[in-house]
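Undergrad:
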Amino acid sequence: MNSDLEKREDGAEPAVAPRQKTAKERKREEKERIRRYREEKQMEQNSRPVRRVGTFTMGLVMVLTGIFVIYWLLHPTGNLAFLTYFAPAILIMLGGEVLYNYFFHQDARFKYDILSGIICFFLVCGCGGLAVLPVAYEYFGPERHITETRLEQEIYDVCYDAMKNRGDIASLHVIVRLEGVTYDNAMTYGDIAPSDYVDIRICMKKQYQSKEQYAAACQSVMTVVNESGVPYQYVHFDTMGEGGYSLGFYQDKFSQQLSLSELAEQVTIAE
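Residue numbering for the sequence shown follows the working numbering, starting at 1373 and increasing by one per position.
What follows is the structure, encoded as structure tokens:
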């Protein structure tokens, strides 16, 4: 009491304790501090030079791709499929560009060129498409069909010459399918590979009274086909009209050695 009166008599203000900040005010100050820090960092980054990563790789890939395509146009017999083997080299070049900028330009800001990566991707896909075009044309083009038709006629002529004196054959049809990716336009039926498909269809006249008789006739025709030396995967026999017999032979040694009774069991009657 005495001290307070003394202070008042002297004219001095009594000491006041500082006001404590509320939690809301402290949170507001913290947000303001973080905002200022981010602005300073952003200004610092904006002041640094910008280096685009991926542009050099895109330019190099475009130059190399253009050279390879020009070479292929000048030498169309070549195959562009080997370009797809160099696709991982794009990742190597892009990674090298990133490492170079990281070690030698640490004071710069990096901006990855996404457009360059997309262009490189489409360049590789385009080269792959160009590589597939010649193979697709060779596999599905008209030259393959012409070659298959010629081989069918060759096998037909050989079979006809071997069986023309028989009086029990009504018609003969040959189907050839070259299954390989590549083939020779000048190939003969002797060049047909085991992977190719050859189907010989023989229609017999309807003059057989039993399955055993029909099986014996088919077996004798198969002997002529095997002696002619034509390649085949399957030989199918049937007869004209409904209720006829049907029998098939594969190019298999076991099926060729079946007895007459065993062959007769495999004969089916068409409905």
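All residues carry an ideal CB built from backbone N, CA and C; glycine is no exception. Everything numeric in this text was worked out from a predicted model, so none of it was measured.
Under three-state DSSP, which class holds residue 1617?
TA: strand
Undergrad: Sort 1467, 1573, 1398 by Cα distance to residue 1430 and report the nearest one.
TA: 1467
Undergrad: In angstroms, rounded to a whole number, what distance separates the CA positions of residue 1373 and residue 1394?
TA: Annotation note: pLDDT 49 at residue 1373 (below 50); position unreliable, coordinate value reported separately. So the two alpha carbons sit approximately 33 Å from each other.
Undergrad: Identify every residue that forms a DSSP beta bridge with residue 1609.
TA: Under DSSP, residue 1609 forms a beta bridge with 1574, 1619.
Undergrad: How many Å lie between residue 1539 and residue 1582 at the Cα?
TA: C-alpha separation (whole angstroms): 18 Å.
Undergrad: Exposed or buried, residue 1492, counting other C-beta atoms within 10 Å across all chains shown (16 or more means buried)?
TA: buried
Undergrad: Answer yes if the segment 1512-1522 comes into contact with the segment 1574-1588, meaning at least three C-beta pairs across the two stretches below 8 Å, and no otherwise.
TA: Touching, no.
Undergrad: Closest to residue 1547 by CA distance: which of 1574, 1487, 1497 is it?
TA: 1574
Undergrad: Any contact of the segment 1609-1623 with the segment 1562-1581, i.e. 3+ C-beta pairs under 8 Å?
TA: Yes, the segment 1609-1623 is in contact with the segment 1562-1581.
Undergrad: Starting from residue 1335, trace the beta strand (DSSP E) both ways and give me its first and last residue.
TA: An answer regarding residue 1335 cannot be provided, because it is not within the stretch 1373 to 1643 covered by the chain.
Undergrad: With DSSP run on the structure shown, which of helix, strand or coil describes residue 1544?
TA: strand
Undergrad: Which first and last residues belong to the alpha helix (DSSP H) in which residue 1514 is found?
TA: Its alpha helix (DSSP H) spans residues 1514-1535.
Undergrad: Name the residue from 1444, 1476, 1475, 1437 whose alpha carbon lies nearest to the alpha carbon of residue 1461.
TA: 1437
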